[in-house]
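For the numbering used here, add 3 to where a residue sits in the sequence shown, where the first one is 1.
Taking it in order: structure first as structure tokens, then the write-up.
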Amino acid sequence: MTNNTTSFPNHDRARRLLFAHRDVVEDLLRHHVQETWIEELDLTTLRREPEISISEPLDARESDIVWSVHWRERYLYVLILLEFQSSVDRWLALRQLVYVALFYQKLVQAGRLEDGKLPPVFPIVIYNGKPRWTAPLDLRDLVAEAPGELARYQPTLRYFLVDELRMAVDLNHGRELLSAIAALERSEDRRELVTIVDRLSTWLDSRASASERRAFAAWLSRVLLPRHNEHDDGSIEELLEFRSMLAETVERWRREDRAKELQIERKDRQLARRQRLIEQKEELIERTKTEAADARRQGEIEVLRRQFTRKFGALDDATIQRLEDADDETLLRWSERLLAAASLDEVFAED
Numbered sequence: 004m005t006n007n008t009t010s011f012p013n014h015d016r017a018r019r020l021l022f023a024h025r026d027v028v029e030d031l032l033r034h035h036v037q038e039t040w041i042e043e044l045d046l047t048t049l050r051r052e053p054e055i056s057i058s059e060p061l062d063a064r065e066s067d068i069v070w071s072v073h074w075r076e077r078y079l080y081v082l083i084l085l086e087f088q089s090s091v092d093r094w095l096a097l098r099q100l101v102y103v104a105l106f107y108q109k110l111v112q113a114g115r116l117e118d119g120k121l122p123p124v125f126p127i128v129i130y131n132g133k134p135r136w137t138a139p140l141d142l143r144d145l146v147a148e149a150p151g152e153l154a155r156y157q158p159t160l161r162y163f164l165v166d167e168l169r170m171a172v173d174l175n176h177g178r179e180l181l182s183a184i185a186a187l188e189r190s191e192d193r194r195e196l197v198t199i200v201d202r203l204s205t206w207l208d209s210r211a212s213a214s215e216r217r218a219f220a221a222w223l224s225r226v227l228l229p230r231h232n233e234h235d236d237g238s239i240e241e242l243l244e245f246r247s248m249l250a251e252t253v254e255r256w257r258r259e260d261r262a263k264e265l266q267i268e269r270k271d272r273q274l275a276r277r278q279r280l281i282e283q284k285e286e287l288i289e290r291t292k293t294e295a296a297d298a299r300r301q302g303e304i305e306v307l308r309r310q311f312t313r314k315f316g317a318l319d320d321a322t323i324q325r326l327e328d329a330d331d332e333t334l335l336r337w338s339e340r341l342l343a344a345a346s347l348d349e350v351f352a353e354d
């Protein structure tokens, strides 16, 4: 079930194809539904039930997949709902109630009842959106509290949520197809894809049917590659072809990454050279300012020395050194005193 009432993009169809294959659903039930009653299922009897999937004229549920499995010598139906939305649907539990009711109606119409009773169902929602799922898992949480005995008349239904982007993933033990799917969905390291795809391909080659391998190849081409800004022209139909293409693509990614690294290194070197030029320019300006200040100071000292000599006669070495050591303010003060002073002692009297 999705909010799209017309058609599905190719990548959504590709995802749906995966859950139309027995191995994926078996892996889902065996490894990702942590409930004790799962142990009572005879997973060897898993069978897709396309003829009793739900479809309405006003709501083409192309994402709904129905599987049957033996449980305690009777059938249990697994209803898989694929959610391709980018946002969380708060009312999904209500939609599930409608979905289950329509499914039961279809069974009644088809005469698919056991001892005149409706079979138990297990609704599963496969969600792959980025936002964390916050919608209620139970319809009761969407219904206002009813007073007293009225509460027992309120509808109830709970669904099991599989959040692909946050589910536990372990590729080191056994053959877990759903873990591989989730790992590929979440992988940000493009070079890691080859390792995961190789492992997935090995698992599938060991027992998967040709149609299942093609379904995975379609999903990899139409879902995985676009996530990494790559697009298949539709020519890839087998996993072997995809693995070969992916190896070439990753090698190209490696060259592109290296080219980007070299470009960044060049820019860093250019920035470093530019920064060094700026620093050198600032050093030159500062040195020029210092040299100009020193030249001006030496000029002031030389003028004052000549004035002292003209008025008081030849200067001894100590006086000359005193002039050299004086700061700008002291030199100015001495030049002002020089006009009225009768001797050097009067010039230096207050210093």
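Even glycine gets a Cβ: it sits at the ideal position worked out from N, Cα and C.
- Here residue 126 carries a strand assignment [DSSP, helix/strand/coil].
- Approximately 5 Å separates the beta-carbon atoms of residue 74 and residue 44; this is inside 8 Å, confirming the contact.
- For the pair residue 322 and residue 281, the Cα-to-Cα distance works out to about 43 Å.
- Each of 36, 18 and 113 was checked against the Cα of residue 52, and the nearest Cα belongs to 113.
- Annotation for residue 205: no residue places its beta carbon closer than 8 Å to its own, counting only its chain and skipping 5 residues before and after.
- The C-alpha of residue 42 is placed about 23 Å away from the C-alpha of residue 167.
- The Cβ atoms of residue 27 and residue 181 lie closer than 8 Å to each other.
- When DSSP reads this structure, residue 67 sits in a beta bridge with 84.
- Per DSSP, residue 75 lies in no beta strand (DSSP E) and is assigned neither H nor E.
- At the C-beta level, residue 117 and residue 78 come within 8 Å of one another.
- In the DSSP assignment, residue 95 falls within the alpha helix (DSSP H) that extends over 95-113.
- Annotation for residue 146: no alpha helix (DSSP H) segment contains it, and DSSP assigns it neither H nor E.
- The Cβ atoms of residue 126 and residue 196 lie no closer than 8 Å to each other.
- Residue 52 sits in coil when the DSSP states are folded into three classes, being neither helix nor strand.
- In this structure, residue 72 lies near residue 48, with their beta-carbon atoms less than 8 Å apart.
- Judged by their CB atoms, residue 92 and residue 23 are not nearer to each other than the 8 Å cut-off.
- Of 352, 143, 30 and 19, the smallest CA-CA separation from residue 207 is found for 30.
- Judged by beta-carbon spacing, residue 86 lies within the 8 Å limit of residue 129, meaning their Cβ atoms are closer than that value.
- In the DSSP annotation of this structure, the continuous segment of the alpha helix (DSSP H) that includes residue 320 starts and ends at 320-328.
- Contact between the region 303-317 and the region 335-348 is established, with three or more Cβ pairs separated by less than 8 Å.
- Spatial neighbours of residue 277 in its own chain (CB-CB distance under 8 Å, excluding positions within 5 residues in sequence) are not present.
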